[in-house]
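Numbering-wise (my numbering), the sequence shown opens with residue 67 and increments by one.
Idealized CB from N, CA, C, for every residue including glycine.
Only a predicted model underlies this, so the values are computations on that prediction, with no experimental measurement involved.
Report on the following structure.
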Amino acid sequence: MTKWTKKAAPVEQPELSGYQQALRARLLAAPVVPAPEPWQRVAFVPVGGLLGIGFASHPEDGRDLVMVVSHDGHGLFDAVTGEKIARDRDPDPEDSTPDAVADLSCPGLGPISGSRVRIAGLFGGGLHTTTADGWTLEVVTPAWPNDRVLLSGDGGLPHPGPHGERWWHIFHSNYSELRTVGFSPSGQTIAVATSSDISLWTRR
């Protein structure tokens, strides 16, 4: 006896308006470019199995620190230089991933030992997407599933000015899954984390 199954009806995709088509084409045509002054890229660090990242401040001088959580442990980076300043390859298994606690935090290490850092990434959470002086980060996906990270100084989409002058396509995640994007609370650091690496920009 043949068993028949009912085929699911195809989901109709809404047609894009002329404005939406033009905006999508504009985003697709924008190449990756360096972030504008005063931003400087300071690090691109491969991190296999990256789960998420979070920001903390150095207790002595207040500079931005970035904590990276991965399947291989925890790492702490100086966001001004990109230097790794602490590493824990074998964190407590009961407290080693952000989903182990309600506030998505992990214990600090190195100079921030004794504190906890909230982590944004695979398990949720989020970083700042704007700064007090008007810089904005946004993630767009005109060609799913590849995310693009845009930096702007005019408050975000829709961008009235030309690419490379009012907004900049600074990162294209076309090889790994994007985990999180954002500014540090100080507004002095940009971090982009994927499942395989982290990129940092600073304007200190």
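At what residues does the alpha helix (DSSP H) containing Arg90 begin and finish?
84-95
Should Val183 go down as buried or exposed, given a rule of 16 or more other Cβ atoms within 10 Å for buried?
buried
Opening and closing residue of the beta strand (DSSP E) in which Asn66 lies:
With the chain represented from 67 up to 270, any question about residue 66 goes unanswered, as that position is not in the structure.
Expressed to the nearest angstrom, what Euclidean distance is found between the alpha-carbon atoms of Pro251 and Leu188?
20 Å
Apart from the five residues on each side of it in sequence, which residues of its chain come closer than 8 Å, Cβ to Cβ, to Met67?
Reliability of the predicted coordinates at Met67 is poor, the pLDDT of 46 falling under 50, and no value is obtained from them.
Identify the residues that DSSP records as bridge partners of Trp267: which are they?
Arg107, Ile256
Alpha carbon to alpha carbon, how far is Arg107 from Pro228?
22 Å
Per DSSP, what are the beta-bridge partners of Glu204 in this structure?
Leu216
Among the residues of its own chain, which have a CB less than 6 Å from the CB of Gly141, if the five just before and after it don't count?
Val134, Lys150, Arg153
Counterpart residues of Pro173 in DSSP-defined beta bridges:
Arg182
Check whether the Cβ atoms of Leu244 and Trp233 sit closer than 8 Å, and answer yes or no.
no
With DSSP as the reference, label Asp165 as helix, strand or coil.
helix
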